[in-house]
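> All the letters of the sequence shown, read from the start, carry residue numbers 4 to 190 under this note's numbering. A single structure is presented below for examination.
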Amino acid sequence: MFREAATSGDSINLEEYTESVTGYISKCIDDVTVSKVITTHPNQKPWMTAEVRVLQRTCDKVVKSGDKAGLRTARAKLSRAIREAKRTYAQKIHTQHMWQGIQVVITYKTPSPTCDSDASLPDVLNNIYVWFEALNCTTAKKTTPLPTEQALCLSTADVRKTLLRVNPRKAPGPAFLAECSENVLTN
4 MFREAATSGD
14 SINLEEYTES
24 VTGYISKCID
34 DVTVSKVITT
44 HPNQKPWMTA
54 EVRVLQRTCD
64 KVVKSGDKAG
74 LRTARAKLSR
84 AIREAKRTYA
94 QKIHTQHMWQ
104 GIQVVITYKT
114 PSPTCDSDAS
124 LPDVLNNIYV
134 WFEALNCTTA
144 KKTTPLPTEQ
154 ALCLSTADVR
164 KTLLRVNPRK
174 APGPAFLAEC
184 SENVLTN
């Protein structure tokens with residue numbers, strides 16, 4: 004059906020063919036599935052339910068109205084709803100941990116991926132690496148510094164002296180690093 008729509012003469016327009024197939028798939032998905040937007044906030048507790056949120060809002064409204072008797076009942080309802088939500092969440096988490104515990108007891112493990120037992124694999128890899136080295140035509144050269152350049156020379160005593168000055172309980176800051184670099188360059 005889609006191929007016929009995208010065919011003109013002997014050639015098939017691949018872009019039109021792809022677009023018609025993906026468009027049909029998207030239409031089917033939209034017809035079957037329900038889209039729902041869920042908003043979460045970083046400070047939202049995992050046990051927070053819609054019922055608890057509604058009770059929180061009613062409690063806030065009662066506080067603003069100034070009704071003390073209504074506030075007492077609203078807080079009691081909110082406390083009960085929070086306890087119930089936490090209990091339900093804990094039960095859900097407990098069930099997940101229970102299954103994980105059973106898997107540990109029966110030593111259930113997912114099968115690890117197996118490797119090919121082909122003994123020629125190292126040889127194949129070696130041939131690949133040699134091929135890359137064969138393409139490299141530049142030879143390695145050791146560069147020596149010019150007589151006008153000063154080479155960096157560190158003695159063991161200077162490094163030890165500098166490291167002993169560092170307080171291990173205190174992080175060295177930029178001033179310490181600048182001082183160290185000056186000492187290394189002057190010696």
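We put the beta carbon where it would ideally sit given N, CA and C, even for glycine. Only a predicted model underlies this, so the values are computations on that prediction, with no experimental measurement involved.
Does the Cβ-Cβ distance between residue 55 and residue 93 come in under 8 Å?
Not closer than 8 Å, so no.
> May I ask which residues mark the beginning and end of the alpha helix (DSSP H) holding residue 62?
Per DSSP, residue 62 belongs to the alpha helix (DSSP H) from 53-68.
> Considering just the uninterrupted stretch of the alpha helix (DSSP H) at residue 136, what are its terminal residues?
Run containing residue 136: 124-138, per the alpha helix (DSSP H) assignment.
> Measuring alpha carbon to alpha carbon, tell me which residue in 53, 33, 26 and 62 is nearest residue 41.
Comparing Cα positions, the closest option is 53.
> Which word fits residue 58, buried or exposed, when buried means at least 16 other C-beta atoms lie within 10 angstroms of its C-beta?
With 16 or more other Cβ atoms within 10 Å, it is buried.
> Suppose the cutoff is 7 Å on Cβ atoms and the five residues either side in sequence are ignored; what does the same chain contact list for residue 61 look like?
These residues qualify, in order along the chain: 77.
> Which one or two residues does DSSP pair with residue 15 in a beta bridge?
10.
> Going by C-alpha to C-alpha distance, which of 122, 170, 85 and 128 sits closest to residue 48?
The shortest Cα separation from residue 48 among 122, 170, 85 and 128 belongs to 85.
> Suppose you measure from the CA of residue 20 to the CA of residue 51; what does that come to, to the nearest Å?
Rounded to the nearest angstrom, the two C-alpha atoms are 47 Å apart.
> So, helix, strand or coil for residue 29, using DSSP?
Helix, per DSSP.
> Measuring only the C-alpha atoms, how far is residue 137 from residue 157?
Cα-Cα distance, rounded: 38 Å.
> Secondary structure at residue 172, three-state DSSP: helix, strand or coil?
In this structure, residue 172 counts as coil in the three-state DSSP scheme.
> For residue 135 and residue 144, I'd like the C-alpha separation in whole angstroms.
Their Cα atoms are separated by approximately 19 Å.
> So what's residue 40 in DSSP terms, helix, strand or just coil?
Coil at residue 40, not helix or strand.
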